[in-house]
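Engineer:
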Ligand code: OFO
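Residue numbers (my numbering): 17 to 178.
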């Protein structure tokens, strides 16, 4: 069993993961509208990942016989000026999520909740990847600059994300 404090914090994190999913779905839709098929695909896959993150927490609460409370999901922006802005916002957001996961780890440590501390290690590792992939794409965009042909190739590469 987990403590009430841990239970509430995980319920809040489920909401945050779903908000992340909403954010990336909005970016995917906006990119599609702008004709950026690869960028749109990348964010659609990111949406799927965020839903997986949420469901992993849902499954964990179930295994601890703790009720999942689905809270309302706040609205997300609908448009961005360009792909670069989307990825900048992604990196900023992922850094925030990393801080949230670390805060959950702090609670688990304070509560001497070894099971949850162990479970959270998957998210700790995942956040390293999440930040790195956003940063890598921003680095690539930096190289692309104003080169339209290079941007075309960049977008094609993102279209390959499975
Ligand atoms: Fe993007 O890691 Fe979950 O929120």
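The beta carbon of each residue, even a glycine, is placed where N, CA and C say it ideally should be. Please read all numbers here as calculations on a predicted model, not as lab measurements.
1. So does the stretch 37-51 actually touch the stretch 117-125, counting three or more Cβ pairs closer than 8 Å?
2. Once DSSP output is grouped into helix, strand and coil, what is the label at residue 30?
3. Quick check: the stretch 87-96 against the stretch 153-170, are there 3 or more CB pairs under 8 Å?
4. Residue 151: beta carbon under 7 Å from a heavy atom of ligand 1?
5. Does the structure place the stretch 63-79 close enough to the stretch 102-111 that three or more beta carbon pairs sit under 8 Å?
6. Can you tell me whether DSSP reads residue 96 as helix, strand or coil?
7. Quick check: the Cα distance between residue 43 and residue 59, rounded to an integer number of angstroms?
8. Rounded to whole angstroms, how far is the Cβ of residue 147 from the Cβ of residue 111, which I believe are closer than 8 Å?
9. Secondary structure at residue 84, three-state DSSP: helix, strand or coil?
10. Count the other CB atoms within 10 Å of the CB of residue 54; is the residue buried (16 or more) or exposed (fewer)?
11. Take the Cβ of residue 86 as the centre, count every other Cβ of all protein chains shown within 10 Å, and call the residue buried at 16 or more, exposed below.
Structural biologist: The answer reads as follows:
1. no
2. helix
3. no
4. no
5. no
6. coil
7. 6 Å
8. 6 Å
9. coil
10. buried
11. exposed
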